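When you read off a place in the sequence shown, starting at 1, and then add 99, the result is the number in the numbering used here. Virtual Cβ for every residue (Gly too), placed ideally from N, Cα, C. Nothing here was measured: the structure is a model prediction, and the numbers come from that model. Everything on this sheet refers to the single structure shown next.
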Amino acid sequence: MGQIILAYLNNKIQLAELIEAADHANKIRIKTGRNKEQKTHAKNQIYLTNICVKNPKDFVDFSNKVAETFEKVDLKKAWEHLINQSYSSISVEDILTALDLPLDSHEFKVSVFLSINNDDTYFQFKSNQIQMISKTEVLQKIKIMDQRKIADEKKARLAKILLNGQFHKQFQKDDLEITENLKSIVLYGDKKIKKSEIFEFCEKFLNTTQRSDIFELLVKNKILEKNLPVELYQAEIPIKFSSKIHKITESITTQNYDDYEDLTNLETYTIDDESTKDRDDAFSFQQNFLWIHITDLTNLFDKNSEIDIEAFNRSRSIYLPEFTIPMLPPKISQEVGSINPNQPQKCISLKLEINSQNKIIDWDFKKTLITSTKSLSYNEVELIIEDQNHKLNKTFNNLDKICFESRNERILAGAFSFDRPQVKFSGISTENIQVILESNLLKSKLIIAELMIIFNQFAALFCYTNKLPAIYRTQEIVDLPEFTYSNAYSWYKTSQHLRPARISTKAKEHSGLGTALYVQSTSPLRRFSDLVMQRQIKSLIDSTNSPYDIKEISSIGVYGESLAKNLSRIEESRKKYWFLVYLKQSLLNNSVTIFDGIVLETDGNTLGRLFELRDFPFRFRCEIPKSIQEGENITIKLNSVDLWNRAAQFAYKF
């Protein structure tokens, strides 16, 4: 066994047991705890007590005696006694003498060293010597300590308010900086917070540094919303438009229609979701001609204008279950730029000549002026198609036949699709969540989808024929395996073989759509790249120079494609979040907790194997017996939901 010493370890002075004296490298071996030994330089040995340790209890007993004497060491009193006397250096004995404490006590000597280590206001330990702090420095340190004490008292008061959920009633102006930093921790972690003080506040006064705990605390105090879309903040996506942008849009009006072909006498219809406010497209029949209209935004604001730059930065509209973030301000996206009923609207229109076999035999692009007769929902169109007595039944059945022929041609060319249902949610405002699944195979939806594909096909051909720089969408051809499993499994396996659709300035086929050429130009209100393509197409119609060269087109396409992937991830994350809210609601209400699913993979990871719920297009992981093969149906039980981590825990039900 060794002797008790004081040593400077890990930037602090602490008791240790000297096991082995200095070796040839001047290193000593010490013991700092039960079975904890280390080597350190001999210069780090500060004080040798000469007290031998015969058993672990001896070390503990000495430590306890030091703790008892520690409170009797008043460094301030010693400093006041010594500061007015002339000392070239200060020793432990000088301090003990000033305090009238025993000079031969190892416990008191050790207590002096430890006291200085804990509080360097009056003395400091430097180069193995005790140095006395000057009056000026002491006063400055005391001032700083007083300020720190006041700050800590304020922090303690704020922490108490937060922990009691009373911030909205008792907060003070000085509290706002801390709460803003707490919000930043929740949203960004340590990516934006450079000050360590806020993390110290969390650890010292809130007893947690976990982001999820801090989030719950801020929700409790109504500083953050319970269902805050943190994904938007983390991606630094602006939700609202600046007052400057709003002010600019207020002065926008529809200009003259002199060089636009007047089609306001034609019955024209839009088909959208019931909640849609930004209507991009419409259609009209004129004898054996079908018109597909896309709202013309080219005269509302110029290329590189402030609104245009705003739209470029946003890239596209974002559709979340709880709200929509438009690419363009509401004045444009919902009013002057939207195809609203009984409102004259400029459009870029595709005129299609249709023969008796419902096939397209000729086409042309025109600038037109239309007036929407009525805005219809998908459900309304479904009822019209089914009701033979409805006055619009013939119109929509004819439209359905044309779209059916076009779709068949694409399928013969290799197009494919899966009926992955569209997920929507109701009851979000009341948190009585209901999950709504809408099939994409409704005739009304197939009609609109096909009309847009037709428009974009011919827009691509229009650009290609006229050598106009364009943002083409392409997808390589792949041989897809045939599956006999359920739709969810089939889609999962198929998607693993598919090549991703890409953007290119070179015209190539799009195998997934079964088209020789394809661009996107039918959503100028919602996608910036579509607006760019609309400007290109209009320049061809007007026989003017194209507003974008190949380099600009490429740059816009690449930027938009990169941002679109991130935005899609955010949209999917929010859908999953609200589905998890629905699941948590089911747990709390003791309603549905048993689900059917289908296994998607043979091998899993540490969280288990991937499966998809049978009745909802959402995927999770859980431990599944190896005897269960991919593609097989399973039954699982919901055990818990973690909204912060966007996770649900399921268990395989035997």
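Buried or exposed by the 16-neighbour rule on C-beta atoms within 10 Å, applied to residue i
i, result
"S416", "buried"
"T529", "exposed"
"R133", "exposed"
"A141", "exposed"
"Q239", "exposed"
"A587", "buried"
"P328", "buried"
"M231", "buried"
"R572", "buried"
"Q228", "exposed"
"R378", "buried"
"N439", "buried"
"N89", "This structure gives no information on residue 89, because the portion of the chain shown stretches from 100 to 753."
"K674", "buried"
"P155", "exposed"
"R626", "buried"
"T701", "exposed"
Close-in-space but distant-in-sequence residues of the same chain around residue i (CB under 7 Å, 5 per side omitted)
i, result
"E575", "R598, S610"
"Q684", "I532"
"I118", "G101, R128, I129, K130, E136"
"N738", "Q748, F749, A750"
"I338", "L331, I424"
"A121", "I127, A141"
"E537", "P520, Q521, K523"
"Y107", "N143, I145"
"S233", "none"
Rounded distance between the beta-carbons of residue j and residue i, thought under 8 Å
i, j, result
"I46", "T348", "Residue 46 lies beyond the residue range present for the chain, which begins at 100 and ends at 753; the question has no answer from this structure."
"K542", "D499", "6 Å"
"I727", "F749", "About 14 Å separates the two Cβ atoms, so there is no contact after all."
"P716", "P520", "6 Å"
"L281", "I297", "7 Å"
"F169", "E116", "About 20 Å; that fails the 8 Å criterion."
"A410", "I669", "Their Cβ separation, rounded to whole angstroms, is 18 Å, which puts A410 and I669 out of contact at 8 Å."
"L630", "L560", "Not quite, the Cβ-Cβ distance comes to about 20 Å (not below 8 Å), so this is no contact."
Spatial neighbours of residue i in its chain, beta-carbon cut-off 8 Å, leaving aside the 5 residues before and after
i, result
"K111", "N216"
"G707", "R720, C721, E722, I723"
"Q633", "I393, D395, L396, T397, I447, S620, P623"
"N644", "S638"
"N109", "none"
Residues bridged to residue i [DSSP beta-bridge criterion]
i, result
"P440", "S471"
"T367", "S383"
"G132", "K135"
"V534", "F524"
"I229", "I189, F224"
"H609", "Q574, T614"
"Q113", "A106"
"K126", "H140"
"L449", "I391, F464"
"K736", "I693, A750"
"T423", "Y418"
"G707", "N704"
"Y146", "L105"
"F717", "None; F717 has no bridge partner."
"E302", "None; E302 has no bridge partner."
"C151", "Q102"
"S603", "Y571"
Neighbourhood of residue i by C-beta distance below 6 Å, restricted to the same chain and skipping five residues each side
i, result
"H392", "A381, C446, S448, I469"
"H180", "A197"
"F476", "Checking the sequence shown, residue 476 turns out to be Ser, not Phe. The answer, listed in chain order, is E373."
"A512", "G613"
"I460", "E452, N454"
"T583", "Model confidence at T583 stands at a pLDDT of 48, short of 50, so the residue's coordinates are unreliable; what they give is reported in the following sentence. Taken in chain order, the list of residues that qualify is empty."
"A385", "Correcting the residue identity first, residue 385 is Gln in this sequence and not Ala. Correct list, in chain order: L365."
"C502", "I546, E549"
Closer than 7 Å: residue i CB and nearest the ligand GTP heavy atom
i, result
"S538", "Here there are no bound small molecules, and the ligand GTP is not part of this structure."
For this session: Could you tell me whether the stretch 681 to 700 touches the stretch 536 to 554, where touching means 3 or more Cβ pairs closer than 8 Å?
Result: no
Exercise. Can we say the stretch 301 to 315 touches the stretch 353 to 362, given the rule of at least three CB pairs closer than 8 Å?
Worked result: no
Problem set entry | Inter-stretch contact at 8 Å, needing at least 3 Cβ pairs: the stretch 394 to 410 / the stretch 623 to 638 | yes
Exercise. Between the stretch 643 to 656 and the stretch 674 to 690, do at least 3 Cβ pairs fall closer than 8 Å?
Worked result: no
Exercise. Does the stretch 713 to 723 come close enough to the stretch 661 to 669 to have 3 or more Cβ pairs within less than 8 Å?
Worked result: no
Exercise. Taking one C-beta from the stretch 620 to 637 and one from the stretch 548 to 567 each time, how about it: are there three or more such pairs within less than 8 Å?
Worked result: yes
Exercise. Taking one C-beta from the stretch 416 to 429 and one from the stretch 334 to 350 each time, how about it: are there three or more such pairs within less than 8 Å?
Worked result: yes
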